[in-house]
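Heads up, the thing below is written out as structure tokens.
Protein chains in written order, with this note's numbering: chain A, 1 to 375; chain B, 376 to 977.
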């Protein structure tokens, strides 16, 4: 059996946030049943091959917690036999979409990790982002998960938000840490073209902090989270010892995974493929007993090598030089001597214990570092 | 008989300021004489290059032969010879004028005489041309023909009693102009029996026929089979074809005294056909060539480099092709540490330079990087040796230099009196030496300054226009070389000299220019992985410093399964952008950096 990661996409949301450009839709709940049927069909396709076991399962969205928990149970039921013992099974949730019954059911079906999207502590900021919950909802749902025995909880936070000050960010970090979580993801807001917030910022109706402030917020996050025992292990991720997200590590280690559901990406056997983004196309395809794959690409070893570098360097632990040399039959240091020297001279990377990793400065401008390794 | 034939020929050109209606009047004359049907006529056919049409100016001149049935019942031949309307091409203009007996002087009745018109009028008078004043745009509400007439009389001393009042745009008064041409412009009086004497006033390269020489026959005749000799270049050829321009090339049996037409003779090299040279019959040559011939010498130089080094050969081919039609364009290979392989190019002036650059980019699709324009400096070394320097990189070291000389031009600026102060201030800022000021009329003045050419080649014309709301006009003429305290200013990025950014400047201006350059570069150089000091230096001495701060943030916060392809595309795009940058030592310099320094405001 091949031990891989499994991503399951639930594309429904009560309301799309103003910054969101993910594959999620509001007012499409009428498709819920058909979508789950399709999802199960797709899952069965992979299960029936009989060659995959799942070391991690990640149910993401959208908002997976807005759908009927029985449907989550059906999904888990379908893959149960292929889930490895002690596998990490995560569900993403939004604070105001869970209740006691859902939480109990999640626990019963074996979900052992929760990722809560809080984003900001201040209700006015949440409103600016178009989020429908408030801080109180967050505290309640966190308590609910704790009460029912969830011991591995992540909170998603965002900085560089419109109208956000350093003080607000500090307050967010301190309060979340005081409540106590095992894992925190901190994302600098990415203003994507085509989102409502992009328009608001472009037309000057909203203002986001400049790059200097952004980096101040970032280093503040590193400092405060560290103080609470949450160590940075990836550009945007922090955890207590033993609580790194195993599922996401699969991506960064450039390992294999299957993604099911609308718009999901898979990478397996040096092929990357992805599903139709639209819920309707996805459903129709499976109804006709066709895989909902929109397109695929072969990953050449050169590309895979580069992907390994740009993903691996996201991790604080960095890349093992000997592993790379072995896997790609090269002498990495020799081949990139000039590039490495330049990056070391500018204090963007460090080479230590046979590993190469980004420095703090290198993380701030990691794209520039990655481009240096591209031929 | 001979004299009779020439009685029905009129050779003339049109002198006008940009926008005063030269091309429109030419169109009307062509229309009225009916050689081109109106519907086939692209507007302003004499300006046949796109670029000219866009800028509304004529660069490459052309001539056209028209037939006009006059009111006296006779059929006349009009040869309208177009002239380029820019200061860079003074010599070409003078040769076109020399091919004519007269000139129509168009003055805009809403504006009056401009510097350029006046300069060309003086050229016409030098060539003994009869001037026929035409006052245009009389249909406009702001037209003031009486004032303009008075101005013409006062300034040029031209009798305006016979001046035509027209609107070329509306087609008013065109007949009068046609009749006026017959009446006021003299007919040629060449000697048909004398040895061939013809003036080359333009040339064009055709890939089938070779170089086509546009000529005015003064004496004798030329026909296919004649062995001709270019008196200045010494080249000899057998004529293949002669003909007239209507405006398409129309072959005929011969061209005789008084006529205007073209000659082809399988001439491969445009350099054998100099504008201003005299063509004669090799077997029966005339005694003396026509006066006024001058070898064209470039005044302004710059480095032209392909943005993508792989385009080097394409650039060379393109320059060679342009040169076929443009004997004034010079180029030779050069290399720059910053820009790689390219060419040092010489031009008649700034406009000529811009035209060539634009044609290379537009017609040949080559992305260019050009260095700051330079002039030719004379350097007298301490050992007495005299060298010419047009590329700052080749300037000898300061201890080797005894003194330097720079080219000076006499600039005439015509401006409404309210801007006299600002214009003088501008000239003063550009190290000008005041020569003269005349009031042309109550509201307009003509100011004359001696200006160093290197002060004009930056953005003098733009500065003049913006300071006078576009009302001032400007013309210049090379005067000579003068001793000057010049130094080489270097720009250092991250401690390294960028040769392509060095330039030669007067000592007094070095500080200001150095500062302005550093500031401008700070604006155009994007933040990079590290801080970049920008320094302006004279020798070892740093005179200005700016810093491009290190990039603070370039990171993709989120990168999970589905983000990876997207992230890869993003980085590939970034890599592409990086490729378009010039790597100077450890610094990446965008192409605009080289251009932007040409436009420094002062």
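Where is the CB? At the ideal position from N, CA and C, for every residue including glycine.
- What residue 371 (chain A) touches in chain B, judged by beta-carbon distance under 7 Å, is 946, 949, 950, 953, going in chain order.
- If the five residues before and after residue 580 (chain B) are omitted, its C-beta is found closer than 8 Å to the C-beta atoms of 586, 587, 645, 699, 700, all from its own chain and listed in chain order.
- Using a 10 angstroms sphere on the CB of residue 2 (chain A), the tally of other CB atoms stays under 16, which defines it as exposed.
- Inter-residue distance for residue 119 (chain A) and residue 325 (chain A) is about 40 Å (C-alpha atoms, whole angstroms).
- Nearest C-alpha to residue 80 (chain A) among A:114, A:101, A:44: A:44.
- Proximity to residue 693 (chain B) across B:663, B:406, B:829, B:740 peaks at B:740, based on C-alpha coordinates.
- For residue 440 (chain B), the uninterrupted beta strand (DSSP E) run begins and ends at 438 to 444, by DSSP.
- Residue-level contact by beta carbon holds for residue 904 (chain B) and chain A, with a gap shorter than 7 Å.
- Residue 488 (chain B) carries a coil assignment under DSSP once its states are collapsed to helix, strand and coil.
- With its beta carbon at least 7 Å from every one in chain B, residue 207 (chain A) lies outside the interface.
- Here DSSP, grouped into helix, strand and coil, assigns residue 12 (chain A) to strand.
- DSSP places residue 478 (chain B) inside the beta strand (DSSP E), whose first and last residues are 477 to 483.
- Residue 910 (chain B) sits in a strand when the DSSP states are folded into three classes.
- B:882 is the residue among B:900, B:800, B:756, B:882 whose C-alpha sits nearest the C-alpha of residue 912 (chain B).
- In this structure, DSSP gives residue 394 (chain B) a state outside helix and strand, which the three-state scheme calls coil.
- With a beta-carbon spacing of about 5 Å, residue 480 (chain B) and residue 508 (chain B) fall inside the 8 Å limit used to define contacts.
- With a cutoff of 7 Å on beta-carbon distance, residue 408 (chain B) and residue 443 (chain B) are scored as near each other.
- By a beta-carbon distance limit of 8 Å, residue 148 (chain A) does not contact residue 96 (chain A). Their separation comes to about 18 Å.
- The C-alpha of residue 561 (chain B) is placed about 16 Å away from the C-alpha of residue 450 (chain B).
- Fully contained in the segment 227 to 265 of chain A are the following beta strand (DSSP E) runs of length 3 or more, in chain order: 231 to 234, 237 to 239, 257 to 260.
- A buried status is given to residue 262 (chain A), since no fewer than 16 other beta-carbon atoms sit within 10 Å of its beta-carbon.
- Distances from the CA of residue 245 (chain A) to each of A:154, A:50, A:105 were compared; the closest alpha carbon is that of A:154.
- When only Cα atoms are considered, residue 7 (chain A) and residue 271 (chain A) end up about 16 Å apart.
- With contacts defined by Cβ atoms closer than 7 Å, residue 574 (chain B) and residue 478 (chain B) do not form a contacting pair.
- For residue 551 (chain B), the enclosing alpha helix (DSSP H) stretches over residues 549 to 559.
- Cβ contact annotation for residue 520 (chain B) (same chain, cutoff 7 Å, sequence separation greater than five): 484, 510, 513, 540, in chain order.
- Among the residues facing chain A, residue 935 (chain B) is included, as its CB has a counterpart in that chain under 7 Å away.
- Between residue 259 (chain A) and chain B, the shortest Cβ-Cβ separation is below 7 Å.
- Just so you know, the alpha carbons of residue 109 (chain A) and residue 48 (chain A) end up roughly 22 Å apart.
- Going by DSSP, residue 198 (chain A) is part of the alpha helix (DSSP H) stretching over 196 to 202.
- Closest in alpha carbon position to residue 366 (chain A), among A:329, A:309, A:333, A:90, is A:309.
- In chain order, 752, 754, 770 place their CB closer than 6 Å to the CB of residue 764 (chain B), counting only its own chain and leaving out the 5 sequence neighbours on each side.
- As the crow flies, the alpha-carbon of residue 537 (chain B) is around 44 Å from that of residue 856 (chain B).
- One finds nothing in chain A with a Cβ atom closer than 8 Å to the Cβ of residue 964 (chain B); even the nearest lies about 16 Å away.
- Taken in chain order, the members of the segment 909 to 939 of chain B whose beta-carbon sits within less than 9 Å of a beta-carbon on chain A are 925, 926, 927, 928, 929, 930, 931, 932, 933, 934, 935, 936, 937, 938, 939.
- Pairing residue 4 (chain A) with residue 254 (chain A), the inter-Cα distance amounts to about 11 Å.
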